[in-house]
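Novice:
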Amino acid sequence: MPRWLNLLKSIKSLIASPGDVRITSIDADQARSLLDAEPEIQIVDVRQPKEYRRGHLPGARLLPVADLDEKLDELAKDKPVLVYCAIGGRSKVAAHMLAGRGFERVLNLSGGFKAWNGWTGFGDYELGLEHFSPPMSLERTLNVAYLMEAALEAFYRDMTGKVADPEAARLFQTLADVEVKHKAAVARRMEDADVPKDVGGEAVPEGGMPLEEHMRRMGVDLTSVEDIVDFAMAVEAQALDLYSRAAFQAQGDVRSFLETMAVEEKTHLRHLGELLDRP
Numbered sequence: 000m001p002r003w004l005n006l007l008k009s010i011k012s013l014i015a016s017p018g019d020v021r022i023t024s025i026d027a028d029q030a031r032s033l034l035d036a037e038p039e040i041q042i043v044d045v046r047q048p049k050e051y052r053r054g055h056l057p058g059a060r061l062l063p064v065a066d067l068d069e070k071l072d073e074l075a076k077d078k079p080v081l082v083y084c085a086i087g088g089r090s091k092v093a094a095h096m097l098a099g100r101g102f103e104r105v106l107n108l109s110g111g112f113k114a115w116n117g118w119t120g121f122g123d124y125e126l127g128l129e130h131f132s133p134p135m136s137l138e139r140t141l142n143v144a145y146l147m148e149a150a151l152e153a154f155y156r157d158m159t160g161k162v163a164d165p166e167a168a169r170l171f172q173t174l175a176d177v178e179v180k181h182k183a184a185v186a187r188r189m190e191d192a193d194v195p196k197d198v199g200g201e202a203v204p205e206g207g208m209p210l211e212e213h214m215r216r217m218g219v220d221l222t223s224v225e226d227i228v229d230f231a232m233a234v235e236a237q238a239l240d241l242y243s244r245a246a247f248q249a250q251g252d253v254r255s256f257l258e259t260m261a262v263e264e265k266t267h268l269r270h271l272g273e274l275l276d277r278p
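Residues 0 to 278 (numbering that gives the first Met the number 0) are what the sequence shown spells out, left to right.
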């Protein structure tokens with residue numbers, strides 16, 4: 000059946016039965032709380048690739064609404080699904096399509112991405128996934144994660160010597176020290192799994208994008224503490240996005256590790272947010 004015909008049927012279904020009890024509309028604040036509390040929620044972006052590239056919820060799968068009906072087997076029906084679009088119209092159609100195909104709990108983000116005021120990822124869906132190309136062993140995955148943390152630590156230490164403002168230099172030093180702890184946490188997992196550290200491996204930028212490019216893209220003012228912390232949060236959000244996307248295509252222990260790393264990136268983001276809240 001043509002894709003447009005499937006979409007038309009879903010729109011007609013929405014008009015005919017607008018009150019499916021399996022669908023709950025939630026605002027951005029509710030969505031953030033649920034995503035923190037329920038990491039198993041599947042996030043589905045039903046916009047077009049160009050829209051996704053400009054910005055998306057971290058970890059969102061790109062399934063344009065016109066293609067959704069053909070790709071439902073990529074989603075688990077027994078796990079909740081959060082669906083969103085630009086302002087809420089396409090996601091309503093998608094939500095009813097999911098409910099009509101037997102998905103048990105469907106959440107629709109009211110106002111869409113325009114209303115979202117939380118962390119975001121950016122770039123093509125494939126950005127950074129080359130570092131986690133399947134079949135991916137646990138040993139290789141752990142080493143990639145370790146190298147990502149090491150690269151970010153080295154970047155922050157390098158920035159400490161490049162900035163003229165003493166307060167900015169102290170902040171970059173603090174960020175580097177934080178990454179030492181993150182790196183140590185991955186190292187402990189490597190020891191538990193009896194995986195040797197490939198410290199001579201090629202540097203892997205956290206989140207999959209070169210950090211200098213990321214900083215230029217954001218236009219960071221290196222004399223502004225707020226800008227520097229905002230940049231650090233953007234890097235962690237991009238890492239959350241990458242780990243989540245990589246987990247979708249992984250299996251077994253590799254998937255479990257990547258999902259754990261995604262959850263930990265949320266914790267890192269909250270800690271960075273506390274830096275902004277300091278007087």
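In this text, a Cβ means the ideal position worked out from N, Cα and C, and glycines have one as well.
1) Taking the DSSP output, what are the residues bridged to asparagine 107?
2) Using 8 Å as the cut-off, can you tell me whether the segment 232-241 makes contact with the segment 111-123, which would need three or more C-beta pairs spanning the two stretches below that distance?
3) Taking Cβ to Cβ, would you say serine 24 is nearer than 8 Å to asparagine 116?
4) Does tryptophan 3 come out as helix, strand or coil in the three-state DSSP assignment?
5) By a C-beta neighbour count over all protein chains shown, 10 Å radius and 16 as the cutoff for buried, is leucine 290 buried or exposed?
6) Mind reading off the beta-carbon distance from valine 82 to valine 143? Whole number of angstroms is fine, and I expect it under 8 Å.
7) Which residues in the same chain as leucine 280 place their Cβ atom closer than 6 Å to its Cβ, once the five residues preceding and following it in sequence are excluded?
8) Taking alanine 98 as the reference, which of Glu148, Ala168, Gly207 and Val80 has the closest Cα?
9) Are alanine 184 and tyrosine 155 close, meaning C-beta to C-beta below 8 Å?
10) Cα separation between serine 223 and glutamate 152?
11) Measure from the alpha carbon of aspartate 164 to the alpha carbon of each residue in Met147, Leu126, Glu148 and Ile227, then state which is nearest.
12) What residue does the beta strand (DSSP E) around isoleucine 42 start on, and which one ends it?
13) Between which residues of its own chain and alanine 27 is the CB-CB distance below 6 Å, once the five residues before and five after are set aside?
14) Do you know offhand how far glutamate 290's Cα is from aspartate 276's?
15) Around the Cβ of lysine 182, are there at least 16 other Cβ atoms within 10 angstroms (buried) or fewer (exposed)?
16) Here's the rule: buried if 16 or more other CB atoms are within 10 angstroms of the residue's CB, otherwise exposed. What is lysine 91?
Specialist: Let's see:
1) The residue given as residue 107 occupies position 108 in the sequence shown. Beta-bridge pairing by DSSP links asparagine 107 to Ser24 and Val82.
2) These segments touch.
3) As a working note, residue 24 is residue 25 in the sequence shown. As a working note, residue 116 is residue 117 in the sequence shown. Going by C-beta atoms, serine 24 is not nearer than 8 Å to asparagine 116.
4) As a working mapping, residue 3 is identified with position 4 in the sequence shown. Confidence is the limiting factor: at tryptophan 3 the pLDDT is only 49, short of 50, which leaves the residue's position unreliable, though a coordinate-based value still follows. In the structure shown, tryptophan 3 falls within a helical segment according to DSSP collapsed to helix, strand and coil.
5) Beyond the ends of the chain as shown, which are 0 and 278, falls residue 290; an answer cannot be given.
6) Counted from its first residue, the sequence shown places residue 82 at position 83. Counted from its first residue, the sequence shown places residue 143 at position 144. Rounded to the nearest angstrom, the Cβ distance from valine 82 to valine 143 is 30 Å, too far for a contact under 8 Å.
7) With the chain represented from 0 up to 278, any question about residue 280 goes unanswered, as that position is not in the structure.
8) Here the question's residue 98 lines up with position 99 in the sequence shown. Taking only the C-alpha atoms, the option nearest alanine 98 is Val80.
9) For the purposes of this step, residue 184 is taken as residue 185 along the sequence shown, with counting starting at 1. For the purposes of this step, residue 155 is taken as residue 156 along the sequence shown, with counting starting at 1. Judged by beta-carbon spacing, tyrosine 155 lies beyond the 8 Å limit of alanine 184, meaning their Cβ atoms are not closer than that value.
10) Taking the sequence shown and counting its residues from 1, one reaches residue 223 at position 224. Taking the sequence shown and counting its residues from 1, one reaches residue 152 at position 153. Rounded to whole angstroms, serine 223 to glutamate 152 spans 20 Å at the Cα level.
11) By 1-based counting over the sequence shown, the position of residue 164 is 165. The shortest C-alpha separation from aspartate 164 is found at Ile227.
12) If you number the sequence shown from 1, residue 42 lands on position 43. Under the DSSP assignment, isoleucine 42 falls in the beta strand (DSSP E) whose first and last residues are 41-44.
13) Taking the sequence shown and counting its residues from 1, one reaches residue 27 at position 28. Excluding residues up to 5 positions away in sequence, Ala114, Trp115 and Asn116 lie with their Cβ nearer than 6 Å to the Cβ of alanine 27 in the same chain.
14) Because residue 290 is not part of the residues shown, which for the chain are 0 to 278, the question remains open.
15) Translated into the one-based positions of the sequence shown, residue 182 becomes position 183. The residue is buried, with at least 16 neighbouring Cβ atoms inside 10 Å.
16) One-based indexing of the sequence shown puts residue 91 at position 92. With 16 or more other Cβ atoms within 10 Å, it is buried.
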